[in-house]
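Novice:
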Amino acid sequence: MTTESPVSPERTAGSLRCLGLGITLGSQLTILAREQLAAADVVFFHSNSHYLTGFLQQINPNLVDLQPFYQPGQPRCDSYQAMLDAVIAAVTAGKNVVWACYGHPGIASWPPHQAIRQLKALGYRAKMEAGIGADACLYADLGIDPMAEGCQQFEASQFLFYQHTVDVSAYLLLWQVAIAGDFSLTKLASDSHFIDILVQHLQQWYPPDHQVILYEAADLPIWQYRSETVTLATLPQATLNQITTLVIPPLRPKSINHKMLDQLGVPADHPLRQTRLP
Ligand SMILES: C[S@@+](CC[C@H](N)C(=O)[O-])C[C@H]1O[C@@H](n2cnc3c(N)ncnc32)[C@H](O)[C@@H]1O
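Note that the numbering used here gives residue 679 to position 177 of the sequence shown, counting from 1, and the numbers run on in steps of one.
#1: May I ask you to check if the CB of His606 is nearer than 6 Å to at least one heavy atom of ligand 1?
#2: Could you give the distance in angstroms between the alpha-carbon of Ala658 and the alpha-carbon of Asp771?
#3: Sort Pro710, Leu690, Lys689 by Cα distance to Asp698 and report the nearest one.
#4: Could you check the C-alpha separation between Gly635 and Leu531 for me, to the nearest Å?
#5: Would you call Trp601 buried or exposed, if buried means 16 or more other Cβ atoms sit within 10 Å of its Cβ?
#6: Rounded to a whole number of angstroms, what is the C-alpha to C-alpha distance between His552 and Ala719?
#7: To the nearest angstrom, report how far apart Gln538 and Asn564 are at their CA atoms.
#8: State the DSSP-derived secondary structure class of Leu722, mapped to helix, strand or coil.
#9: Based on the DSSP secondary-structure assignment, which residues constitute the bridge partners of Cys520?
#10: Give me the Cβ distance between Pro614 and Gly608, rounded to the nearest whole Å; I'm assuming they're in contact under 8 Å.
#11: So if DSSP puts Trp677 in a beta bridge, which residue, or which two residues, is it bridged to?
#12: Can the beta-carbon of Ala680 be found less than 7 Å from the beta-carbon of Glu651?
#13: Taking three-plus beta-carbon pairs below 8 Å as touching, is the segment 701 to 708 in contact with the segment 731 to 743?
#14: Among Phe663, Lys629, Cys639, whose alpha-carbon lies nearest the alpha-carbon of Pro782?
#15: Give, in chain order, every unbroken run of the beta strand (DSSP E) that is at least 3 residues long and sits entirely within the segment 571 to 619.
#16: With three or more C-beta pairs closer than 8 Å as the rule, is the segment 622 to 635 touching the segment 513 to 520?
#17: Given this structure, state the Cα-to-Cα distance separating Phe557 from Pro577, to the nearest angstrom.
#18: Using C-beta distances below 8 Å, list every residue in its chain close to Leu586, excluding the 5 sequence neighbours before and after it, in chain order.
#19: Indicate the three-state DSSP secondary structure (helix, strand or coil) for Gln706 in the structure shown.
#20: Among the residues of its own chain, which have a CB less than 7 Å from the CB of His666, if the five just before and after it don't count?
#21: Taking DSSP's pairing of strands, which residues face Ser729 in a bridge?
#22: Leu565 lies in the beta strand (DSSP E); which residues open and close that run?
#23: So what does Ile750 bridge to, in DSSP terms?
#24: In terms of residue numbering, what span does the alpha helix (DSSP H) encompassing Phe557 cover?
#25: Tell me whether Ser671, by its Cβ, gets closer than 6 Å to a heavy atom of ligand 1.
#26: Quick one: using the 10 Å Cβ neighbour count with 16 as the cut-off for buried, is Ile533 buried or exposed?
#27: Below 7 Å between beta carbons: does that hold for Ile715 and Ser729?
Listed below in structure tokens is the structure:
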């Protein structure tokens, strides 16, 4: 007797592509994404600016705005479920659907991942295409190579809710910092009480005078990015917007693992051996 679950045969009508629009409007759209936007029967998107609506209308006028699914005071998970249902209903009705998301469609974005899982299980063609997320802009604007020192990143509330440890010799990025600690999933604006708790939590690893960066990539090509340095202690008084990502630079240099170098047989004259002991 087999225990494998049956695989649904692929359906011919109805499909979903979840794609990223990039962060800076227009200039970060991939050729593939533009082609898929133009070819879709219907494009679901979030009208976070009227520039975006106008831009997409030129490519494909069959737009459905998901922004009205966000109701004031309603938990975001309920809004996400309603969006998901609307997108799935369009695909199961036989339409070739594009879900156009801000940045990369798969970063801090549960609904597109879930839509793809559900539709694949039902036998529909469903795929995600990479886009330029806020992290990609951040590395370019701030001149950070995430592989040089290492880079940890968390959604700020997840960082508070779960037991995480921090490597202070690497960068730490906290996404959605403005709403850190919002367990109600209803807040849109920053709450300095919660930011204070975040700062206290971070002080397990960093001193209060550690310099941190508030980063915002430009939404439009004519704007400049924001890179504001403040001390960790003053974070509760800083302006934290929905698009702010918190960048915490390393506190100290990374230290050599001498035991590992021995195990790997790294010779005594190798540059790695010249690194001073911390
Ligand atoms: C729900 S997540 C969406 C991320 C998006 N999918 C992406 O790929 O960038 C929202 C968070 O992304 C980050 N973010 C979005 N836009 C940004 C921008 N213009 N500059 C810096 N960070 C941004 C912020 O941390 C913000 O709170």
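For glycine and all other residues, C-beta sits at the position ideal for the given N, C-alpha and C.
Specialist: Reading off the structure:
#1: Answer for His606: yes, Cβ within range of ligand 1.
#2: Their Cα atoms are separated by approximately 43 Å.
#3: Closest by alpha carbon: Pro710.
#4: Rounded to whole angstroms, Gly635 and Leu531 show a C-alpha spacing of 11 Å.
#5: Buried, because 16 or more other Cβ atoms sit within 10 Å of the Cβ of Trp601.
#6: Taking the CA atoms as reference points, His552 sits about 18 Å from Ala719.
#7: Answer to the nearest angstrom: the Cα atoms are 13 Å apart.
#8: Three-state result, Leu722: coil.
#9: In DSSP, Cys520 forms a bridge with Trp601, Met630.
#10: That pair is a contact at about 7 Å.
#11: Answer is Glu657.
#12: No, they are not a contact pair.
#13: Below 8 Å, enough C-beta pairs join the segment 701 to 708 and the segment 731 to 743 to call them touching: three or more.
#14: Residue 782 falls outside the range modelled here, since the chain spans only 503 to 780, and no answer is possible.
#15: Positions of the beta strand (DSSP E) runs, each at least 3 residues long and wholly inside the segment 571 to 619, are given as 598 to 603 in order along the chain.
#16: As far as the Cβ criterion goes, the segment 513 to 520 touches the segment 622 to 635, which means the pair count is three or higher.
#17: Looking at the two C-alpha atoms, the distance is approximately 29 Å.
#18: The answer, listed in chain order, is Pro613, Gln616, Ala617, Gln620.
#19: DSSP places Gln706 in coil when its eight states are reduced to three.
#20: Exclusion of the five residues before and after His666 leaves Phe656 as the residues of its chain whose Cβ lies within less than 7 Å of its Cβ.
#21: Answer is Tyr717, bridged to Ser729.
#22: Run containing Leu565: 565 to 567, per the beta strand (DSSP E) assignment.
#23: Per DSSP, Leu674.
#24: Unbroken alpha helix (DSSP H) run through Phe557: 552 to 561.
#25: Ser671: no, Cβ never under 6 Å from ligand 1.
#26: The residue is exposed, with fewer than 16 neighbouring Cβ atoms inside 10 Å.
#27: Yes; because the gap between Cβ atoms is below 7 Å, this pair is in contact.
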